[in-house]
Amino acid sequence: MDVAVVDYTSPTAPEEFATSLRDTGFGVITNHPLDWSLVEQIYAEWSALFDDPAVADYTTTDSLTGYFPPEVSETAKGFEVRDLKEFFHVYPWSIYPTQVTDVAMRYRDQAMDVALTLLDWVEDQLPPEIAGRLSMPLSQMMDNSTRTLLRVLRYPPLPPEVPEGAVRAAAHEDINLLTVLPASDQPGLELLGANGEWFPVPTDPGSLAINGGEMLDLATEGYYPATKHRVVNPIGEAAQVSRMSLPLFLHPADDVVLAEDRTAYEFLMQRIAELRGDS
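Start counting at 1 in the sequence shown, then tack on 9, and there's your number in the numbering used here.
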C-alpha cells in the first residue's frame, strides 16, 4: 500500500499529497509548521486528566460536547460492540476542563491552518469536470463553519477480559472532509487496501496522517475516497499501555450542499445517530 510521505515544504507537495489521497485515502505529511511540543504537552496533560475522577464532571449531556467515557463511546457503523476508548470533544464554543492548560485550543488553531491549506491542495488538484459539479468550491464550504472538532482521545489499557469483538477502534470511515492526525504515542493505526488487506499507516514521531472523510467522498463523487481504517488491539506488555490520539475533523458549514440536495448538517446528524446506535 503506497501511502505517500510528503514534505510539506516541497514545491511538489500539493500534487503528491492529492495523488496519495486519491489512490489510498491517506497521506502522511512531514516538515509541517505544527508545533510538536504542543502535541506532546496535550498527550501528557490530558492523559492525566483521563485518570482523574473529576473528568466525569464533564460527561456529555448532548452527545456532541464534553467527555465521552468508555461506556458511552462510539459503536462503529455495522458493529454491535463499543470501541475501547474514551475522549473529550473540544470546540472553541464548548466546555473546557479547568484541570488542563489552554494547550489544546492553541494546538487546534495551528491544526486548522494546516488543514485548510491541505484542503486548498485537494481543491486545486480536482479535475475540472468534478470541480464544476461541486455546489461550491471546497475551500468555501468552510466559510462560517462551527463544526470542526478536535477530539482528545485515549485508548485505555485493555481490560483483563476484552469483550468478544471489541477493539480500540473498529473499521470505519470518518464523516468529515479531512482529518488531521498527529502521530500517536503508540502504534496501531491501519488502513484497508483495495486488495482487502490491512496496512499500517506510517506515523513516525512528528508526522501527520491525513485522510479523507465521507463528506469529501460524497462531494467529489468518489474522486477522493473515504478509506476504512481501524486501531487494532495491542498484544503482550503493550496491552497494558494506553494510547493517545488527537484527530482534528475538518467539517463544512451546516448549510453546505454536499450532493443530491443533502446538506452537511443532515449527513452529520444521520451519521451521529448511527454511531449512537439510534438507527
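Where a beta carbon is used, it is the ideal one built from N, C-alpha and C, also for glycine.
As the structure is a computational prediction, the values presented were derived from the model and not from experiment.
- Item | Inter-residue Cα distance where the pair is V210 and F276 | 27 Å
- Query: Quick one, which of D60, R160, S82 and T21 has its alpha-carbon nearest V250's?
  - Reply: D60
- Message: Using a Cβ distance threshold of 8 Å, determine whether the stretch 88 to 105 contacts the stretch 160 to 174, with at least three qualifying pairs required.
- Response: yes
- Item | Runs of beta strand (DSSP E) lying entirely within the stretch 223 to 264, each at least 3 residues, in chain order | 238 to 240, 252 to 254 and 257 to 259
- Nearest candidate by alpha-carbon position, reference A247, set V109, V131, P165 and M145: P165
- Leaving aside the five residues before and after P79 along the sequence, list all residues of the same chain whose C-beta is less than 8 Å from its C-beta, in chain order. R91, L93, K94, E95 and P165
- Item | Unbroken stretches of the beta strand (DSSP E), 3 residues or longer, contained in the stretch 165 to 231 | 178 to 181, 187 to 191, 198 to 201, 207 to 209 and 217 to 221
- Task: Under 8 Å by Cβ, that's how I've got T70 and Y76 pegged, so tell me the actual separation to the nearest angstrom.
- Result: About 10 Å; that fails the 8 Å criterion.
- Query: So is T155 buried or exposed if we call it buried at 16+ other beta carbons inside 10 Å?
  - Reply: exposed
- Message: Can you look up I281 in the DSSP assignment and give me helix, strand or coil?
- Response: helix
- Task: Look at the Cβ atom of D152, then the Cβ atom of A235, and state whether they are nearer than 8 Å.
- Result: no
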